[in-house]
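J.:
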Amino acid sequence: MEISEAIAGRRAVRDYIPQAVDERTINHLIDAAAHAPSAVNQQPWTFTVVRDQGLLDRISDGSKAHMLATMAGNPHADHFRARLSDPQFQVFYHAPVLILISAVAQGAWIVEDCALAAENLMLAAHAAGLGTCWIGFAQGYLNTPAGKQALDLPAACVPVAPIIVGHPKAAPRPVARNAPRIRWVG
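For any residue, its number in this note's numbering is found by taking its place in the sequence shown, counting from 1, and adding 1.
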C-alpha cells in the first residue's frame, strides 16, 4: 500500500469482529510506532498491550465514570452524557486489543512524540488490513492513580494514546474533508 493511500484511507473503526490479533502483528505495529520521530530522539514511549476483555470492561467503566464526573464545560457534554450513561456502551467498542502509548516520564514534548508514534501505529495497522481508533474517552481516566493502577503503570508514566486495534466488521465509509486552510506568509 502506498503511503498516500494509507493516509487517505485510514479511518476510525468502532465495530470489530471478535477475531484476535496475533502477537506477531502487534509487535509489527509497535515496531512501526517506535520508528516515529521524537524530540531530541528521546523516544520517550512505552507500550502497554491489553487483550483481556474483562480488564477492558473494567477500564471502560472507570473511564465512563471519570468522563461523566469531569466533563463540565465540554461543548459535546449532552451527547456524551447519554452515551456514557448507557451501561451497554463500552468505550473500547469490544476491540480485541488496546495498545496504550505512554511516556515513561514527564517531558517537554511527550504528547507530540507519543502522538507521532500513534499515527505510525495506526497507519501500519491500516496497511495490514486492521482497524484502529484513538479512544479519547479513556485518556483522562488512564492518567488518574486508579487508571494507572488498573494497568499496573508506574506513577511517573504518562498515558497519552489509547489505541484500539482489531479486524473491522466493515470498511468505514470515506468522510468528507474540508479544504485545507493555507496561509502563505512572506
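Built from N, CA and C at the ideal position, the CB exists for glycine as well.
Model, not experiment: these values are computed from the prediction.
(1) Measure the Cβ-Cβ separation of Pro175 and Leu117 and say whether it is below 7 Å.
(2) Taking all protein chains shown into account, do 16 or more other C-beta atoms lie within 10 angstroms of the C-beta of Thr133, making it buried, or fewer, making it exposed?
(3) Skipping 5 residues on each side, what residues in its chain have a beta carbon closer than 7 Å to that of Val50?
(4) Rounded to the nearest angstrom, what separates Ile111 and Tyr142 at their Cα positions?
(5) What are the boundary residues of the beta strand (DSSP E) that includes Ser103?
(6) Beta carbon of Gln206, beta carbon of Ser61: below 7 Å?
(7) Check Pro169 in the structure and name its three-state DSSP category.
(8) So who's on the other strand from Cys134, going by DSSP bridges?
(9) Given this structure, state the Cα-to-Cα distance separating Ala96 from Asp53, to the nearest angstrom.
(10) What residues are listed by DSSP as bridge partners for Trp110?
(11) I need the straight-line Cα distance from Pro114 to Arg59, nearest angstrom please.
(12) Ignore the nearest five residues each way along the sequence and tell me which others in Cys158's own chain have a CB closer than 8 Å to its CB.
T.: For this structure:
(1) Taking the sequence shown and counting its residues from 1, the one referred to as residue 175 is at position 174. Taking the sequence shown and counting its residues from 1, the one referred to as residue 117 is at position 116. Contact annotation: Pro175 and Leu117 have beta-carbon atoms that are not nearer than 7 Å.
(2) By 1-based counting over the sequence shown, the position of residue 133 is 132. By the Cβ neighbour-count rule, Thr133 is buried, with 16 or more other Cβ atoms within 10 Å of its own.
(3) In the sequence shown, the residue the question calls residue 50 occupies position 49. Within the same chain, Val50 has close Cβ partners Ile27, Val98 and Ile100.
(4) Position 110 of the sequence shown, counted from the start, is the residue given in the question as residue 111. Position 141 of the sequence shown, counted from the start, is the residue given in the question as residue 142. Taking the straight line joining both Cα atoms gives about 18 Å.
(5) As a working note, residue 103 is residue 102 in the sequence shown. From DSSP, the beta strand (DSSP E) with Ser103 extends over Val98 to Ala104.
(6) The question about residue 206 has no answer here: the residues shown for the chain are numbered 2 through 187.
(7) Residue 169 sits at position 168 when you count from the first residue of the sequence shown. Pro169 sits in a strand when the DSSP states are folded into three classes.
(8) Locating residue 134 in the sequence shown gives position 133, counting from the first residue. For Cys134, the beta-bridge partners assigned by DSSP are Ile165.
(9) Within the sequence shown, the letter at position 95 stands for residue 96. Within the sequence shown, the letter at position 52 stands for residue 53. The alpha-carbon of Ala96 is positioned some 10 Å away from that of Asp53.
(10) Reading the sequence shown from its first residue, position 109 is the one you call residue 110. None; Trp110 has no bridge partner.
(11) Counted from its first residue, the sequence shown places residue 114 at position 113. Counted from its first residue, the sequence shown places residue 59 at position 58. The displayed chain sequence assigns Asp, not Pro, to residue 114. Rounded to whole angstroms, Asp114 to Arg59 spans 28 Å at the Cα level.
(12) Within the sequence shown, the letter at position 157 stands for residue 158. Its chain contains Thr47, Ser103, Ala104, Val105, Ala106 and Lys149 as the residues whose beta carbon lies nearer than 8 Å to that of Cys158, once the 5 sequence neighbours on both sides are disregarded; these appear in chain order.
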